[in-house]
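*Asks:* Quick note on numbering: the sequence shown equals residues 4 to 163 in my numbering.
Every residue gets a Cβ at the ideal spot worked out from N, C-alpha and C, and that includes glycine.
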Amino acid sequence: MSNNNRLDVHVRDATLADAEFIVACNARLGEETEDKTLDARVLAAGVRRGLGRPELCRYFIAEVNGQRAATTMVTYELTDWRDGVIWWLQSVYVLPELRRRGVFRALYRHVDSVARSSGEARALRLYVRSDNARAIRTYTSLGMGPTGYEVLEDTWRAGA
Numbered sequence: 004m005s006n007n008n009r010l011d012v013h014v015r016d017a018t019l020a021d022a023e024f025i026v027a028c029n030a031r032l033g034e035e036t037e038d039k040t041l042d043a044r045v046l047a048a049g050v051r052r053g054l055g056r057p058e059l060c061r062y063f064i065a066e067v068n069g070q071r072a073a074t075t076m077v078t079y080e081l082t083d084w085r086d087g088v089i090w091w092l093q094s095v096y097v098l099p100e101l102r103r104r105g106v107f108r109a110l111y112r113h114v115d116s117v118a119r120s121s122g123e124a125r126a127l128r129l130y131v132r133s134d135n136a137r138a139i140r141t142y143t144s145l146g147m148g149p150t151g152y153e154v155l156e157d158t159w160r161a162g163a
């Protein structure tokens, strides 16, 4: 991927050595998208839990010139209707100075390829704030579209 604006991007699985980067990205994501300051201790514990529990989730890192540029996490949902697994993209974050330069596109395509080759994945989904028009345009340009479902939640933990 290279022209004047696009970058050469390498995507890989995250390791424990990436934890600090993932925590920092998630903290910035909370601030930028929801104007929330996340509890750093809880966030760090959650990232470490995720990195240590591959049955719960999988983190990916996009690198540009050997430097971390973006991250996302995939979680899994069993779909008995489709006898498979839905992969949920979560915590998508690209460093601001590298946005609109193909980093997320490379990250998404990599995750999509890994999901398709797994033999179990039936869909790749994410949720996005309805007022985040730029992100919605990005996701739809990659082939994603509305599911017809609304996301509802009942939160049990204070501050979540």
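Please list, in chain order, all residues of the same chain as Leu41 whose beta carbon is under 6 Å from its beta carbon, the five residues on each side excluded.
*Replies:* Here the set comprises Ala30 and Gly33.
*Asks:* Where does Asp157 fall in DSSP's three states?
*Replies:* Of the three classes helix, strand and coil, the one that applies to Asp157 here is coil, per DSSP.
*Asks:* Give, in chain order, every unbroken run of the alpha helix (DSSP H) that is at least 4 residues long and sits entirely within the stretch 30-60.
*Replies:* Listed in chain order, they are 43-55.
*Asks:* Assign Arg61 to buried or exposed, taking buried as 16 or more other Cβ atoms, counted over all protein chains shown, within 10 Å of its Cβ.
*Replies:* Its Cβ being crowded by 16 or more others within 10 Å, Arg61 is buried.
*Asks:* Candidates Glu123, Asp134 and Ala72: which alpha carbon is nearest Glu37's?
*Replies:* When only C-alpha atoms are compared, the closest one is Asp134.
*Asks:* Do you know how far the Cα of Gly69 is from the Cα of Met76?
*Replies:* So the two alpha carbons sit approximately 20 Å from each other.
*Asks:* With distance defined between alpha-carbon atoms, name the residue in Tyr152, Ala73 and Asp157 nearest to Leu110.
*Replies:* Nearest option by C-alpha distance: Ala73.
*Asks:* Could you tell me whether the stretch 126-142 touches the stretch 78-96, where touching means 3 or more Cβ pairs closer than 8 Å?
*Replies:* Result yes; three or more Cβ-Cβ pairs closer than 8 Å.
*Asks:* Write down every uninterrupted run of the beta strand (DSSP E) in the stretch 54-95 whose length is 3 residues or greater and which is fully enclosed by it, in chain order.
*Replies:* Counting only runs of 3 or more, we get 60-67 and 70-82.
*Asks:* With three or more C-beta pairs closer than 8 Å as the rule, is the stretch 102-109 touching the stretch 77-88?
*Replies:* Contact between the stretch 77-88 and the stretch 102-109 is absent, because fewer than three Cβ pairs lie under 8 Å.
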